Structures are given as structure tokens and as C-alpha cells.
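Trainee:
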Amino acid sequence: GAVVSQHPSWVICKSGTSVKIECRSLDFQATTMFWYRQFPKQSLMLMATSNEGSKATYEQGVEKDKFLINHASLTLSTLTVTSAHPEDSSFYICSASTGPGKLFFGSGTQLSVL
Amino acid sequence: AQTVTQSQPEMSVQEAETVTLSCTYDTSESDYYLFWYKQPPSRQMILVIRQEAYKQQNATENRFSVNFQKAAKSFSLKISDSQLGDAAMYFCAYRRSGGSNYKLTFGKGTLLTVNP
């Protein structure tokens, strides 16, 4: 299957700093990538849909100024958590689609904000 | 809006036995995909099985099979000959067909424990 690489796997940062998470499709071109957030023992919640060359579409309740998404190429989407606070601590997962029935997930990033 | 419901927060099964995880969904679409994903402690999302709504035949993948009832909007997962490695969180998911930008909607998950 297709491979989606996500980095870093985990990151610890101080409150008020910004953190960037990268999501790469290694062996296919992804016009659309998705960013999810997962709290402990909960399901994945879609944050935004990232489209190459255009602005991301954010789900209701997600602050677009706090969670900046850039999809500048067909193989790379980034999520930047700006001015991170402890409540932003979570597991973030990206996914990319190769077709309507095929979605592949990155390995996730655990963000801990101190 | 599409919704996915998993009514069993936790399930347990004895090793080598069979277990069925339930999932129902709601949609007004006629063409869509349904998925079961496994999330072990590593938290990597692993595709277990996929079903295309227009196909009447139930999908199977080795020890994993589904019972897809389109009229009832039910999509259960059966795990046969359960193994210790099957222990994980299982998520049922729905995706509308027709475009790569359609999102995946997840249920709340079922935590499966396999007892030796």
C-alpha cells in the first residue's frame, strides 16, 4: 500500500511556542490530505481538509489561526500549532487519499505542551 | 450529515474464539464506502477491511469478515479465531464515494480485549 510519513513522532514544547508537523506522501501524489486530532481513549476528530494549492477547509469549531495548514506540494502538507497551550496537547494524525476508497494514515504525532 | 455509531465501547473474547463488533451508520447517499480500522497501542491506524456499498457481497480478509446490511445501515465486523495480536481499538468509518476530498467519519470505537 501507499506510504504516508509523518514527523515528528512526538514533540514537547513550551507554552506559547509554535510547532510544525509534516505529513508526506512518499510514493504517490496526494491532492487532498486530512488532519485529525485524537484525545486519549477517544475517536479521531477531523480538524481540516488540506487541498494542494488552495486554502484548507476547517471543521466547525477549529481555530484556523491557531492550526495553520499548508499544502504547498502534491506530496507535503504541514500543520503548525501556533502559540501552543497545554490544552493543545493531543495526538495529531494525517491521512492522504489515493482514491475514493483508499485512505492511508501517517503514524501520528504526540504533542505535549508544558 | 453522516453519522457512525458503535454501541459497544468494550468487548472481550477468548483466544481462538469468534467475536462480532457492531456498527450502524446514517446517510442519505446511495454510493459510499465503509471501513473497519484497527488502532493498536502504537496508535498506527491499520485498515482491516473495506466494503463498497454497491457491492452486495460481504467483504472478507482472512479471519476478518463483515456483515453488510445496506437497508438496515448496519456494518458489523466478525473476527474469527481471535489472536492476542487482535487486541486493539477498532473504529468503524464511513466515506462518501465520488471524490478524494470527501472526509472519513469515524465511530467512537470499540476496545477489544483478547484473553489467553
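Sequence lines, in order, name chains A and B.
Under our numbering, the residues of the first sequence are numbered 1 to 114, in order.
Under our numbering, the residues of the second sequence are numbered 1001 to 1116, in order.
Each residue gets a CB set at the ideal place from its N, CA and C atoms; glycine is no exception.
For clarity, every value in this text was computed on a predicted model and none was experimentally measured.
1. So, does the CB of residue 1098 of chain B fall closer than 8 Å to a CB anywhere in chain A?
2. In angstroms with no decimal places, state the Cα-to-Cα distance between residue 1029 of chain B and residue 1068 of chain B.
3. To the nearest angstrom, report how far apart residue 1115 of chain B and residue 1013 of chain B are at their CA atoms.
4. May I ask you to list, following chain order, the residues of the stretch 1015-1036 of chain B that have a beta carbon less than 7 Å from some beta carbon of chain A?
5. Let's test the definition: count the other Cβ atoms within 10 Å of the Cβ of residue 1098 of chain B and tell me whether it reaches 16, buried, or not, exposed.
6. Output yes if chain B places a C-beta closer than 8 Å to the C-beta of residue 99 of chain A; else output no.
7. How big is the Cα-Cα spacing for residue 68 of chain A and residue 1071 of chain B?
8. Please tell me whether residue 36 of chain A and residue 45 of chain A are closer than 8 Å, where the distance is taken between their beta carbons.
9. Against chain B, does residue 108 of chain A count as a neighbour if the rule is that its beta carbon must be under 8 Å from one of theirs?
10. Please report the straight-line C-alpha distance between residue 89 of chain A and residue 62 of chain A, rounded to a whole angstrom.
11. Could you name the residues of the stretch 26-40 of chain A whose beta carbon sits closer than 9 Å to any beta carbon of chain B, in the order they occur along the chain?
12. Using 10 angstroms around the beta-carbon of residue 1035 of chain B, count the other beta-carbons present and answer buried if the total reaches 16, otherwise exposed.
13. Rounded to a whole number of angstroms, what is the C-alpha to C-alpha distance between residue 10 of chain A and residue 1024 of chain B?
14. If you check the beta carbons only, do residue 1080 of chain B and residue 1063 of chain B fall under 8 Å apart?
15. Strictly below 7 Å CB to CB, what residues from chain A border residue 1101 of chain B?
16. Distance, Cα to Cα, residue 60 of chain A vs residue 1016 of chain B?
17. Could you check where the beta strand (DSSP E) with residue 1038 of chain B kicks off and where it finishes?
Mentor: Taking the geometry as given:
1. Counting from 1 along the second sequence, the entry for residue 1098 of chain B is found at position 98. So, interface residue.
2. As a working note, residue 1029 of chain B is residue 29 in the second sequence. As a working note, residue 1068 of chain B is residue 68 in the second sequence. Roughly 16 Å separates the two Cα atoms.
3. Within the second sequence, numbered from 1, the residue matching residue 1115 of chain B stands at position 115. Within the second sequence, numbered from 1, the residue matching residue 1013 of chain B stands at position 13. Those two C-alpha atoms are separated by around 6 Å.
4. 1033
5. Residue numbering aside, residue 1098 of chain B sits at position 98 when the second sequence is read from its first letter. Its Cβ having fewer than 16 others within 10 Å, residue 1098 of chain B is exposed.
6. Within the first sequence, the letter at position 99 stands for residue 99 of chain A. Chain B, which has a Cβ nearer than 8 Å to the Cβ of residue 99 of chain A, makes this yes.
7. Translated into positions along the first sequence, residue 68 of chain A becomes position 68. Translated into positions along the second sequence, residue 1071 of chain B becomes position 71. Rounded to the nearest angstrom, the two C-alpha atoms are 41 Å apart.
8. The residue you call residue 36 of chain A lines up with position 36 of the first sequence. The residue you call residue 45 of chain A lines up with position 45 of the first sequence. It is a contact, given that the beta carbons lie within the stated cut-off.
9. Along the first sequence, read from residue 1 onward, the residue named residue 108 of chain A stands at position 108. Under the Cβ distance rule, residue 108 of chain A counts among the residues neighbouring chain B, one pair being separated by less than 8 Å.
10. To locate residue 89 of chain A, count along the first sequence from 1; it is residue 89. To locate residue 62 of chain A, count along the first sequence from 1; it is residue 62. A direct Cα-Cα distance of roughly 15 Å separates residue 89 of chain A from residue 62 of chain A.
11. 30, 31, 32, 34, 36, 38
12. By 1-based counting over the second sequence, the position of residue 1035 of chain B is 35. Counting Cβ neighbours within 10 Å, residue 1035 of chain B comes out buried, since at least 16 surround it.
13. On the first sequence, position 10 is the one that residue 10 of chain A refers to. On the second sequence, position 24 is the one that residue 1024 of chain B refers to. So the two alpha carbons sit approximately 34 Å from each other.
14. As a position in the second sequence, residue 1080 of chain B is number 80, starting the count at 1. As a position in the second sequence, residue 1063 of chain B is number 63, starting the count at 1. It is a contact, given that the beta carbons lie within the stated cut-off.
15. For this step, residue 1101 of chain B is matched to residue 101 along the second sequence. Here the neighbours are 32, 49, 51.
16. Taking the first sequence and counting its residues from 1, one reaches residue 60 of chain A at position 60. Taking the second sequence and counting its residues from 1, one reaches residue 1016 of chain B at position 16. For the pair residue 60 of chain A and residue 1016 of chain B, the Cα-to-Cα distance works out to about 44 Å.
17. Working through the second sequence from its first residue, we reach residue 1038 of chain B at position 38. First-last of the beta strand (DSSP E) with residue 1038 of chain B: 1032-1039.
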